[in-house]
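Undergrad: Chain order of the listed sequences is A and B. Remember, my numbering sits 368 above the position in the first sequence when you count from 1. Remember, my numbering sits 368 above the position in the second sequence when you count from 1. Cβ atoms here follow ideal geometry from the backbone N, Cα and C, with glycine treated the same way. What you are looking at is a predicted structure, and each value in this text was computed from that prediction instead of being measured.
There are 2 protein chains.
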Amino acid sequence: MLKKQQLYLQLKQDIQQGIWPAGIQLTQQQLAEHYAVSRIPVRDVMQQLQAEAWLIPYGKAGLMVPPLTAVEAEELYQIRLQLEPMALQLAVPHLNFSQLGQAEDLLMQITRRPDASLFERGELNWQFHLLLYQPCQRPHLLRMLTGLHQQVARYLGFQEQAMDYSDISHQEHWQLIELLRQNKPDAAAELLYQHIAKAGELLVQHLQLHPA
Amino acid sequence: MLKKQQLYLQLKQDIQQGIWPAGIQLTQQQLAEHYAVSRIPVRDVMQQLQAEAWLIPYGKAGLMVPPLTAVEAEELYQIRLQLEPMALQLAVPHLNFSQLGQAEDLLMQITRRPDASLFERGELNWQFHLLLYQPCQRPHLLRMLTGLHQQVARYLGFQEQAMDYSDISHQEHWQLIELLRQNKPDAAAELLYQHIAKAGELLVQHLQLHPA
DNA sequence: TTGACTAAAAATGTATACATTTTTAAATTA
DNA sequence: TAATTTAAAAATGTATACATTTTTAGTCAA
Chain A
369 MLKKQQLYLQ LKQDIQQGIW PAGIQLTQQQ LAEHYAVSRI PVRDVMQQLQ AEAWLIPYGK
429 AGLMVPPLTA VEAEELYQIR LQLEPMALQL AVPHLNFSQL GQAEDLLMQI TRRPDASLFE
489 RGELNWQFHL LLYQPCQRPH LLRMLTGLHQ QVARYLGFQE QAMDYSDISH QEHWQLIELL
549 RQNKPDAAAE LLYQHIAKAG ELLVQHLQLH PA
Chain B
369 MLKKQQLYLQ LKQDIQQGIW PAGIQLTQQQ LAEHYAVSRI PVRDVMQQLQ AEAWLIPYGK
429 AGLMVPPLTA VEAEELYQIR LQLEPMALQL AVPHLNFSQL GQAEDLLMQI TRRPDASLFE
489 RGELNWQFHL LLYQPCQRPH LLRMLTGLHQ QVARYLGFQE QAMDYSDISH QEHWQLIELL
549 RQNKPDAAAE LLYQHIAKAG ELLVQHLQLH PA
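Here's what the structure looks like:
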């Protein structure tokens with residue numbers, strides 16, 4: 369595998385795990401030394417992560433991991449709230465039963481793993497959502513949603529704590545499938561809206577109580 | 369000035385001008401030779417433009433300029449329609465008269481240049497919109513809107529043709545300012561929605577009649 | 001002719017070396 | 001002391017050289 373790709377995944381994971389704390393300066397040299405590669409792949413990866421807003425400018429020189437804040441989390445969820453119900457509505461006309469079936473399989477997988485970490489649960493969750501959005505055939509929209517998800521994923525860290533939400537959230541997923549199966553796009557979009565809104569509020573509250 | 373920055377601006381402009389036609393393969397070597405620099409800055413710039421979706425994968429190797437299509441334009445405007453009224457609403461509480469004044473100055477500038485190309489007019493237009501969104505204090509939202517604008521700007525190319533819309537569009541800008549001055553955020557957001565919707569429809573129609 | 005294998009060529013990835021810019025810290029002067 | 005200048009150090013930008021991968025073209029065998 370290419371060093372660039374390895375490094376990309378590794379650095380991202382390390383950021384999530386807090387190995388590179390928010391707010392401290394990261395330089396090419398530092399990272400090149402730490403990961404034992406030359407600065408060239410480091411440059412590539414840093415630039416890519418900056419484009420994805422996983423790294424932001426540190427003053428004039430270098431980059432840093434952006435701090436996690438309730439304010440930012442709220443922003444991310446406000447945007448999701450505008451885009452995801454739209455994506456779902458656009459996807460509905462192209463959604464077939466085989467795709468709904470795949471989504472159900474995913475939900476079963478989640479059910480079978482009550483021991484998963486918050487992060488792992490978040491990933492499966494997103495896979496479920498994405499499966500429903502994919503058929504909308506809007507590359508830019510899907511690209512932006514994927515970026516948003518990855519931003520949100522930072523907030524899930526690798527924390528083990530559950531946020532006392534999984535049960536309700538899970539129920540709503542099954543309801544969503546049911547509404548889609550019955551071809552009720554408006555009701556599905558509305559449920560999705562409330563679903564995301566609730567998750568957002570919970571995360572924001574959590575962050576206000578336990579600042580990162 | 370850094371070669372990377374120069375190259376970034378130059379390549380972007382050249383893409384807009386159609387010097388690198390949509391659908392043909394672009395390689396690092398090719399561009400490095402053409403712009404008389406080494407592959408290093410070319411790599412950086414290509415990667416950045418890929419992140420902004422100004423370049424997309426060409427099969428397995430290399431990148432290409434994505435074709436301009438009515439379908440894509442419609443997608444971009446659908447997303448703007450979801451995000452920009454929200455940005456405006458969020459900005460309203462922080463909008464002060466000095467910012468409204470700046471926006472008015474911009475409108476006057478546009479008025480004084482009826483000879484500007486479609487592209488130049490589009491830029492001034494965007495400066496106006498952005499000025500109203502900036503105070504929303506949502507970095508991700510502003511980043512996404514900026515990206516969307518740049519995508520849309522590709523569609524304005526360097527065409528000289530007006531699309532017979534400037535007058536109405538311009539009037540609506542003044543109306544928008546007026547509503548904001550009167551502190552009517554909902555009405556302003558609604559006007560903005562219709563404003564963007566009309567512009568989008570016009571662009572899509574234009575593309576359907578004159579495919580790129 | 002077709003298909004698979006092989007060698008050549010081209011493109012990309014990465015390291016090293018050097019150039020340029022930026023930062024830092026020391027030294028000088030008011 | 002405080003401010004300014006200057007020299008050193010550190011970081012980044014870029015070119016060249018080399019390694020690796022991918023494509024292409026051609027050859028041979030069925």
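What span of residues does the alpha helix (DSSP H) with residue 610 of chain B cover, start to end?
TA: No answer is possible for residue 610 of chain B: it lies beyond the span of chain B, which begins at 369 and ends at 580.
Undergrad: Just to confirm the assignment, what range does the alpha helix (DSSP H) spanning residue 445 of chain B have?
TA: In the second sequence, counting from the first residue as 1, residue 445 of chain B sits at position 77. Here the alpha helix (DSSP H) through residue 445 of chain B covers 438-459.
Undergrad: Relative to the alpha-carbon of residue 452 of chain B, which residue among B/578, B/574, B/575, B/559 has its alpha-carbon at the smallest distance?
TA: Within the second sequence, residue 452 of chain B is the residue found at index 84, counting from 1. The shortest Cα separation from residue 452 of chain B among B/578, B/574, B/575, B/559 belongs to B/559.
Undergrad: Determine, using beta carbons only, whether residue 436 of chain A and residue 394 of chain A come nearer to each other than 8 Å.
TA: Here residue 436 of chain A corresponds to residue number 68 of the first sequence, with the count starting at 1. Here residue 394 of chain A corresponds to residue number 26 of the first sequence, with the count starting at 1. No, the Cβ-Cβ distance between residue 436 of chain A and residue 394 of chain A is not below 8 Å.
Undergrad: Just grab the DSSP bridge partners of residue 425 of chain A for me.
TA: Position 57 of the first sequence holds residue 425 of chain A. Partner(s): A/431.
Undergrad: For residue 574 of chain B and residue 428 of chain A, I'd like the C-alpha separation in whole angstroms.
TA: The residue you call residue 574 of chain B lines up with position 206 of the second sequence. The residue you call residue 428 of chain A lines up with position 60 of the first sequence. Computed Cα separation, rounded: 43 Å.
Undergrad: Would you say residue 414 of chain A lies against chain B (beta-carbon separation less than 8 Å)?
TA: One-based indexing of the first sequence puts residue 414 of chain A at position 46. No, residue 414 of chain A lies away from the interface with chain B (no Cβ there is under 8 Å from its Cβ).
Undergrad: Compare the C-beta of residue 450 of chain B with all C-beta atoms of chain A and state if any pair is closer than 8 Å.
TA: Working through the second sequence from its first residue, we reach residue 450 of chain B at position 82. Cβ-Cβ to chain A under 8 Å: yes for residue 450 of chain B.
Undergrad: DSSP three-state label for residue 394 of chain B, please.
TA: Position 26 of the second sequence holds residue 394 of chain B. Three-state result, residue 394 of chain B: strand.
Undergrad: Counting only runs of 4+ residues fully inside the stretch 484-543 of chain A, write out the alpha helix (DSSP H) ranges in chain order.
TA: 486-501, 507-524
Undergrad: From what residue to what residue does the alpha helix (DSSP H) around residue 556 of chain A run?
TA: Numbered from 1 along the first sequence, position 188 holds the residue referred to as residue 556 of chain A. Looking at the DSSP string, the run of the alpha helix (DSSP H) that includes residue 556 of chain A is 553-577.
Undergrad: Would you say residue 517 of chain B reaches chain A, if we count a Cβ-Cβ gap shorter than 8 Å as a contact?
TA: Position 149 of the second sequence, counting from 1, holds the residue named residue 517 of chain B. Taking Cβ atoms only, chain A never reaches closer than 8 Å to residue 517 of chain B, which makes this a no.
Undergrad: Anyone know if the C-beta pair for residue 444 of chain A and residue 433 of chain A falls short of 8 Å?
TA: Residue numbering aside, residue 444 of chain A sits at position 76 when the first sequence is read from its first letter. Residue numbering aside, residue 433 of chain A sits at position 65 when the first sequence is read from its first letter. No, Cβ-Cβ distance for residue 444 of chain A and residue 433 of chain A is not below 8 Å.
Undergrad: For the stretch 412-422 of chain A against the stretch 543-556 of chain A, are there 3 or more C-beta pairs whose distance is under 8 Å?
TA: No: fewer than three Cβ pairs fall under 8 Å.
Undergrad: Can you confirm whether the stretch 563-579 of chain A touches the stretch 385-405 of chain B when touching is taken to mean that 3 or more C-beta pairs between the two stretches lie within less than 8 Å?
TA: no
Undergrad: Can you list, in chain order, the residues of its chain whose CB lies under 8 Å from that of residue 543 of chain A, leaving out five sequence neighbours each side?
TA: Reading the first sequence from its first residue, position 175 is the one you call residue 543 of chain A. Result list for residue 543 of chain A: 559, in chain order.
Undergrad: Of all the options B/381, B/563, B/534, which has the alpha carbon lying nearest to the alpha carbon of residue 486 of chain B?
TA: Residue 486 of chain B sits at position 118 when you count from the first residue of the second sequence. Of B/381, B/563, B/534, the residue nearest in Cα terms is B/534.
Undergrad: If you follow the alpha helix (DSSP H) that residue 410 of chain B is part of, which residue opens it and which one closes it?
TA: Start at 1 with the first residue of the second sequence, and residue 410 of chain B comes out as number 42. First-last of the alpha helix (DSSP H) with residue 410 of chain B: 407-419.
Undergrad: For residue 515 of chain B, is the classification buried or exposed, using 16 other Cβ atoms within 10 angstroms of its Cβ as the cut-off for buried?
TA: For the purposes of this step, residue 515 of chain B is identified with residue 147 of the second sequence, where counting begins at 1. Buried, by the Cβ-count rule.
Undergrad: Which residue wins for smallest C-alpha separation from residue 373 of chain B, given the options B/484, B/408, B/392?
TA: The residue you call residue 373 of chain B lines up with position 5 of the second sequence. Measuring from the Cα of residue 373 of chain B, the nearest candidate turns out to be B/408.
Undergrad: Pull up the CB-CB distance for residue 490 of chain A and residue 513 of chain A, whole angstroms please, since I reckon it's below 8 Å.
TA: In the first sequence, counting from the first residue as 1, residue 490 of chain A sits at position 122. In the first sequence, counting from the first residue as 1, residue 513 of chain A sits at position 145. Residue 490 of chain A to residue 513 of chain A, Cβ: 14 Å. No contact.
Undergrad: So for residue 370 of chain B, helix, strand or coil by DSSP?
TA: Translated into positions along the second sequence, residue 370 of chain B becomes position 2. If DSSP states are grouped into helix, strand and coil, residue 370 of chain B belongs with coil.
Undergrad: If the criterion is Cβ atoms closer than 8 Å, does the pair residue 458 of chain A and residue 506 of chain A meet it?
TA: For the purposes of this step, residue 458 of chain A is taken as residue 90 along the first sequence, with counting starting at 1. For the purposes of this step, residue 506 of chain A is taken as residue 138 along the first sequence, with counting starting at 1. In this structure, residue 506 of chain A lies closer than 8 Å to residue 458 of chain A by Cβ.
Undergrad: Taking residue 521 of chain B and residue 500 of chain B to be in contact with their CB atoms under 8 Å, please state how far apart those CB atoms are, rounded to whole angstroms.
TA: Translated into positions along the second sequence, residue 521 of chain B becomes position 153. Translated into positions along the second sequence, residue 500 of chain B becomes position 132. In fact, because the Cβ distance is near 18 Å, the residues do not count as touching under 8 Å.
Undergrad: Secondary structure at residue 387 of chain B, three-state DSSP: helix, strand or coil?
TA: Locating residue 387 of chain B in the second sequence gives position 19, counting from the first residue. DSSP places residue 387 of chain B in coil when its eight states are reduced to three.
Undergrad: Using a Cβ-Cβ cut-off of 8 Å, state whether residue 443 of chain B counts as contacting chain A.
TA: Here residue 443 of chain B refers to the residue found at position 75 when the second sequence is read from its first residue. Closer than 8 Å to some Cβ of chain A, the Cβ of residue 443 of chain B qualifies, so yes.
Undergrad: My understanding is that residue 576 of chain A touches residue 454 of chain B, with C-beta atoms under 8 Å, so please give their C-beta distance in whole angstroms.
TA: Counting from 1 along the first sequence, the entry for residue 576 of chain A is found at position 208. Counting from 1 along the second sequence, the entry for residue 454 of chain B is found at position 86. That belief does not hold up - the Cβ atoms of residue 576 of chain A and residue 454 of chain B are roughly 22 Å apart, past 8 Å.
Undergrad: If residue 496 of chain B sits next to residue 541 of chain B, beta carbons under 8 Å apart, how far is it from one beta carbon to the other, in whole angstroms?
TA: To locate residue 496 of chain B, count along the second sequence from 1; it is residue 128. To locate residue 541 of chain B, count along the second sequence from 1; it is residue 173. Going by Cβ atoms, the distance from residue 496 of chain B to residue 541 of chain B rounds to 6 Å, so yes, they are a contact pair.
Undergrad: Going by Cα to Cα distance, which pick from B/442, B/416, B/425 is closest to residue 376 of chain B?
TA: For the purposes of this step, residue 376 of chain B is taken as residue 8 along the second sequence, with counting starting at 1. Here the closest residue by C-alpha is B/416.
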